[in-house]
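Count along the sequence shown starting at 1, add 87, and that's the number in the working numbering.
The beta carbon of each residue, even a glycine, is placed where N, CA and C say it ideally should be.
Everything numeric in this text was worked out from a predicted model, so none of it was measured.
Below: one structure, written as structure tokens.
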Amino acid sequence: MASFTKRPGELLWFSLLGLGMLVGAAAALMVLIKGHSHMYNVSREIPWGILISTYVFFVVSSTGLCLVSSLGHVFGIEQFELIGRRAILLAIITLLTGFGTIAMEINHPIRMAIYVILSPNFESPIWWMGTLYGIYLMLLIGEFYFLMRNHHKGAMTMGLLGFVAAVTAHSNLGGVFGLLEARPYWHGSFLPLYFILSALVSGGALISIIVYYNYQFRKIALPARYPQFIDTLAKLQALFLMILTFFVTWKIIPGLYGRPPEKFEATMALLTGPMAFNFWFFEVLIGMLIPIGLLLNKKFRTPFGVMLAGVFCTVGIFFMRYDLVLGGQIVPMREGEVNLVGGLLSYSPSLAEYAIVGGALATCMFLYTLAEKVFDLEMKSH
């Protein structure tokens, strides 16, 4: 590892990520030995926990990276061409990390991989989710291959197909939640659209971070279109965030108007109940208001300012995923439930769940940082 690093800071960074990966691997091993019921705090009443929300976070990020990068080599916006290779590579890494995270949530991931082919259920949104994301992954790998070979026509074709696959797979992921009629907080056609929009925000935020990392921190020679790219990315990200704020507002209003059963209780838990701090501080303030303020202010429309807004967005969206997954489950579905807090079910991740999430984040950052050392990710001009 020392041969890959030239500065003490890089060696420290790799060491910290390696430690995080070791902790996550140790927790995963304990889960495999002792089982989910002994290591996770999920239950029959709340079967989906932080591992599901982290999976959603990673695959949403992958979709967003694919969509934003397609502005360059698919739709011909020249200033976005410079992030093509890096964005697609990170899209592959985040997608694989998401697969690894959900594999730790599933009791028998190998059995699932076998029977998803031998015994497909075409009426299951979850079956379609796995199938569509598998196709999407293959298209991403093909797109990255053509980008690395400077085969622009092949990259455009694969990028267009990847764009369609990303929208299809990700809207289907929203359908996994939205088609659950028994969970009123999720049910409806809103979530597939909401997932696509929030993916754009995630993609723009991560691109701003990796661009700053490479051109400001690593001091790679700046492309001629770099200032124009930063300014365009900042404006586009501000637009995405303002539309997302509009979507979040209209996600809340139907949960309040008329007090629909179960949906009202879940919405109030988000606004004034146990998830209120996550919502108002992380989702609204950190994830939307502060980044919008930074990106609309010309003084902060700099590489550092755009990167800082990206970091805030990424943190806010991580909590947005957690609140969405938990919010749909905290209202009890049966009468006579015990151990309720204010009439609601409660859940907090176990140490093993935290360790696996931390290990997944460390693995994602480790693989991307390592890839920057291995591949030539500077885009060549047409």
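Asked                                                                                                                                                                        : Found
What are the uninterrupted segments assigned as beta strand (DSSP E) that are 3 or more residues long and contained completely in the segment 347-432, given in chain order? : none
So what's Trp135 in DSSP terms, helix, strand or just coil?                                                                                                                  : coil
Specify, as a first and last residue, the run of the alpha helix (DSSP H) that His125 falls within.                                                                          : His123 to Met126
Compare the C-alpha of Trp214 against each of Leu226, Ile201 and Met225 and name the closest.                                                                                : Ile201
Only counting the same chain, and skipping five residues up and downstream in sequence, which positions put a Cβ closer than 6 Å to that of Ser140?                          : Arg408, Tyr409 and Val412
Figure out for me which residue from Ser130, Ala115 and Glu97 has the closest Cα to the Cα of Ser435.                                                                        : Ser130
How big is the Cα-Cα spacing for Thr450 and Phe405?                                                                                                                          : 16 Å
Would you say Ala442 and Ala190 are within 9 Å of each other, going by their C-beta atoms?                                                                                   : no
Could you give the first and the last residue of the continuous alpha helix (DSSP H) run that contains Phe327?                                                               : Tyr313 to Leu343
Enumerate, from N- to C-terminal direction, the unbroken alpha helix (DSSP H) stretches of 4 or more residues contained entirely within the segment 204-242.                 : 212-235
Within 10 Å of its beta-carbon, does Met375 have 16 or more other beta-carbons around it, so buried, or fewer, so exposed?                                                   : buried
Are the beta-carbon atoms belonging to Leu293 and Gly151 less than 9 Å from one another?                                                                                     : yes
By Cβ distance, which residues of its chain are closer than 6 Å to Leu177, with the 5 residues on each side in sequence left out?                                            : Leu152 and Tyr455
Excluding five sequence neighbours on each side, which residues of the same chain lie with their C-beta closer than 6 Å to the C-beta of Tyr299?                             : Pro390 and Met394
Ordered along the chain, which non-local residues of its own chain (more than five positions away) have a Cβ less than 8 Å from that of Ile222?                              : Ala252 and Ala256
For Ala89, is the classification buried or exposed, using 16 other Cβ atoms within 10 angstroms of its Cβ as the cut-off for buried?                                         : Residue placement at Ala89 is poorly supported in this model, since its pLDDT is 49, which falls under 50; the coordinates are not used for a value here.
Quick one: Cα of His125 to Cα of Phe145, how far?                                                                                                                            : 26 Å
Quick test of your reading: Arg28 and Leu234, contact by CB under 8 Å. State the CB separation rounded to the nearest angstrom.                                              : Past the boundaries of the shown model lies residue 28; the chain is included only from 88 to 469, so the question cannot be answered.
When DSSP labels each residue in this structure, what does Leu293 get in the three-state scheme?                                                                             : helix
Buried or exposed: Pro279, going by 16 or more other Cβ atoms within 10 Å of its Cβ?                                                                                         : buried
Is it right to say His469 is buried, meaning 16 or more other beta carbons lie within 10 angstroms of its own, or is it exposed?                                             : The pLDDT assigned to His469 is 48, lower than 50, so where the model puts this residue is not dependable; a value taken from the coordinates is nonetheless given after this. Exposed, by the Cβ-count rule.
Go to Leu472, then tell me how far its alpha helix (DSSP H) extends in each direction, as first and last residue.                                                            : With the chain covering only 88 through 469, there is no way to say anything about residue 472.
If you compare alpha carbons, which of Met225, Phe250, Gly185 and Phe366 is closest to Val161?                                                                               : Phe250
For Ser148, does the three-state DSSP call read helix, strand or coil?                                                                                                       : helix
Using only alpha-carbon positions, find the residue among Leu328, Gln303, Phe333 and Lys338 that is nearest to Phe277.                                                       : Lys338
What separation, rounded to the nearest whole angstrom, lies between the Cα atoms of Leu267 and Pro134?                                                                      : 14 Å
Since Gly397 contacts Glu370 with CB under 8 Å, what's their CB separation in whole angstroms?                                                                               : Actually they are not in contact, since the Cβ atoms of Gly397 and Glu370 sit about 16 Å apart, beyond 8 Å.
State yes or no: is the C-beta of Tyr272 within less than 9 Å of the C-beta of Lys350?                                                                                       : yes
Nearest-angstrom Cα distance between Ser285 and Gly122?                                                                                                                      : 34 Å
Is Leu227 closer than 9 Å to Ile179 when the C-beta atoms are compared?                                                                                                      : yes
Determine the closest residue to Leu495 out of Leu438, Pro212, Glu424 and Asn301, with distance taken between C-alpha atoms.                                                 : Nothing about residue 495 can be read from this structure; the chain reaches only from 88 to 469.
For Thr354 versus Phe167, is the C-beta spacing smaller than 9 Å?                                                                                                            : no
In the DSSP assignment, the alpha helix (DSSP H) including Ala449 goes from what residue to what residue?                                                                    : Leu438 to Val461
Could you check which residue in Arg312, Gln303 and Phe316 has the C-alpha nearest to that of Gly291?                                                                        : Phe316
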